[in-house]
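**Q**
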Amino acid sequence: MSAVATHPVSHVQGDAAGETSVSAGGAVWVIASPHAQWTCAPDAVTVSSYEVSCTLHGAPVDTALWLERMKHGVLLAQAPVRGTWLATLVDEALVHVLPATPHGSRDIVPAFGKICDAWVRGIFAAPFWTRFLAGESSDIQVLAFLAQLYHRAAGADVHNRIAVERCTDAALRPLLLRQYREQRGQSTMLAAGLLRCGPAARTFLDSGAFDATHALIDFIIGAAGDMPAYVGCCALCQAPATVRAASEIEAQFEALAQRYPSAADGFAAVCAHARHDASVCGGTALLAQWVEDAGEPDVPSRLRMLRGAYGVASAYRVMFDALHRLDEEL
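Counted from 1, the sequence shown has number 26 at position 27 by numbering that gives the first Met the number 0; the numbering is strictly sequential.
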């Protein structure tokens with residue numbers, strides 16, 4: 000797919016950290032998808048993800064530079080104009096737009112949820128999932144998958160506690176405290192289920208988390224000291240696309256247990272964990288509760304939220320790519 004060659008819309012000047020103050024009601028934060036990659040040829044730039052590929056013929060020479068900047072978020076005076084290369088990438092969900100300024104409503108919640116949904120879909124478009132859901136993964140890959148879920152849950156206890164300890168936002172702290180109390184201790188259930196999958200399962204627990212899983216946990220722990228970034232992390236994990244009824248959760252894990260009967264006890268534990276999360280988190284998500292109590296976040300906070308969600312989505316994709324390589328290397 001090609002796009003009309005033109006330049007990006009006007010950039011609102013600010014400091015290097017993005018702490019920009021704008022009065023224009025149409026200002027937007029523009030950020031690349033965490034799943035987007037790009038390559039440059041003399042006459043074209045190709046931007047792609049696991050879901051889509053878009054070739055921009057005759058794009059400006061600084062397109063790649065703009066894309067690199069958009070990995071961290073760029074403030075524009077207005078949304079991308081139709082017919083430009085940037086608008087084309089937005090249409091293909093390779094770049095995303097979030098209103099930068101409050102408009103006297105709570106539009107931030109659905110707008111941010113839409114971005115998180117797109118990034119969650121990108122996570123599940125990774126090659127690992129095609130093989131895994133088809134029942135074609137090796138026993139090693141399945142046990143490693145269950146082990147990473149255990150380590151991720153154990154890490155959640157850490158970053159949820161740190162977020163409560165560091166939070167100075169009077170509206171947000173009780174929400175974080177409730178989240179910590181509702182979610183803590185789930186890793187014990189996952190470990191018990193994994194250990195019922197046979198002697199080899201203990202090896203995956205004792206060998207520790209993958210480097211990619213450590214990176215995911217460490218990123219969220221780091222974000223726990225920056226409340227808007229942490230809310231962004233949670234918003235990605237609680238994206239509307241992840242909300243499922245108990246019957247859907249049970250059907251999914253029953254199907255996986257049938258495909259991988261030697262790991263049935265592990266999937267039963269993950270199912271119980273997912274049902275618990277759905278029961279305690281299935282109501283109003285953290286972002287919506289925070290906005291309801293504290294009002295819409297300001298311009299710089301929105302960027303920090305985007306960066307938090309971006310980091311989690313990117314780290315999850317890297318973790319699943321590491322799992323995929325286990326079978327590729329066999």
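Even glycine gets a Cβ: it sits at the ideal position worked out from N, Cα and C. These numbers come from a predicted model, not from an experiment.
Going by the DSSP bridge assignment, what does P98 pair with across the sheet?
**A** According to DSSP, which records beta bridges pairwise, P98 is partnered with V27.
**Q** Please return the same chain residues whose Cβ sits closer than 7 Å to the Cβ of L176, not counting the five positions on each side in sequence.
**A** Contacts found: V163.
**Q** So within the segment 234-281, which uninterrupted alpha helix (DSSP H) runs reach at least 4 residues, ignoring any that extend past its ends?
**A** Runs of the alpha helix (DSSP H) inside the segment 234-281: 245-258, 263-280.
**Q** What are the boundary residues of the beta strand (DSSP E) that includes S32?
**A** Neither: S32 is in no beta strand (DSSP E) and is coded neither H nor E.
**Q** From D326 to H213, what distance separates their C-alpha atoms?
**A** Rounded to whole angstroms, D326 to H213 spans 21 Å at the Cα level.
**Q** From which residue to which residue does the alpha helix (DSSP H) around A287 run?
**A** Its alpha helix (DSSP H) spans residues 285-293.
**Q** I'd like to know if the segment 185-204 and the segment 245-252 are in contact, where contact means that at least 3 CB-CB pairs between them fall below 8 Å.
**A** Result no; under three Cβ-Cβ pairs closer than 8 Å.
**Q** Who are H56's beta bridge partners in DSSP?
**A** H56 pairs with A43.
**Q** For C236, tell me which candidate among D42, A245, I219, A35 has the shortest Cα-Cα distance.
**A** When only C-alpha atoms are compared, the closest one is I219.
**Q** Less than 8 Å separating the beta-carbons of G25 and A63?
**A** In this structure, A63 does not lie closer than 8 Å to G25 by Cβ.
**Q** Using alpha carbons as the reference points, say which of A110, H95, H275, R130 lies closest to R243.
**A** Selected option, being the one with the closest Cα: H275.
**Q** Rounded to the nearest angstrom, how far is the Cβ of V230 from that of L286, given a contact under 8 Å?
**A** Right, the Cβ-Cβ distance comes to about 6 Å (below 8 Å), so this counts as a contact.
**Q** Can you list, in chain order, the residues of its chain whose CB lies under 8 Å from that of L174, leaving out five sequence neighbours each side?
**A** If we look at L174 and ignore the five residues flanking it on each side, its Cβ neighbours are L285, Q288, W289, D292.
**Q** Alpha carbon to alpha carbon, how far is A240 from D156?
**A** A240 and D156: Cα-Cα distance of roughly 23 Å.
**Q** Return the Cβ separation of V44 and A58 in integer angstroms, given the expectation that the two are a contact with Cβ distance under 8 Å.
**A** Correct: roughly 5 Å between the Cβ atoms.
**Q** Looking at V46 and V96, is the spacing between their C-beta atoms short of 8 Å?
**A** No, these two residues do not count as a Cβ contact at 8 Å.
**Q** Indicate the three-state DSSP secondary structure (helix, strand or coil) for L132 in the structure shown.
**A** Helix, per DSSP.
**Q** Nearest to R201 by CA position, among A238, S246, A146, is which residue?
**A** It is A146 whose Cα lies nearest to the Cα of R201.
**Q** With a 10 Å radius around its C-beta and 16 neighbouring C-beta atoms as the bar for buried, classify H102 as buried or exposed.
**A** It is exposed - the Cβ of H102 has fewer than 16 other Cβ atoms within 10 Å.
**Q** I need the DSSP call for T83, collapsed to helix, strand or coil.
**A** The answer is coil: DSSP assigns T83 none of H, G, I, E or B.
**Q** So if DSSP puts V73 in a beta bridge, which residue, or which two residues, is it bridged to?
**A** For V73, which the question treats as bridged, DSSP gives the partners V29.
**Q** Note the first and the last residue of the continuous alpha helix (DSSP H) segment covering T187.
**A** Residues 185-194.
**Q** I'd like the list of long-range same chain contacts for K70, defined as Cβ closer than 6 Å, with 5 residues on each side in sequence excluded.
**A** A31, listed in sequence order.
**Q** I believe C232 touches G121 by the beta-carbon criterion, under 8 Å. Please report the beta-carbon distance rounded to the nearest angstrom.
**A** Going by Cβ atoms, the distance from C232 to G121 rounds to 16 Å, so no, they are not a contact pair.
**Q** Using CA atoms only, rank isn't needed, just tell me which of L93, D61, N159 is closest to D217.
**A** Of the listed residues, the one whose Cα sits closest to D217 is N159.
**Q** Identify the continuous alpha helix (DSSP H) that holds P173 and give its terminal residues.
**A** Looking at the DSSP string, the run of the alpha helix (DSSP H) that includes P173 is 172-182.
**Q** In the DSSP assignment, find the alpha helix (DSSP H) that holds L93 and state where it starts and stops.
**A** Counting along the chain, L93 falls outside any alpha helix (DSSP H), and DSSP gives it neither H nor E.
**Q** In the DSSP assignment, find the unbroken alpha helix (DSSP H) run with T212 in it and report its ends.
**A** First-last of the alpha helix (DSSP H) with T212: 210-222.
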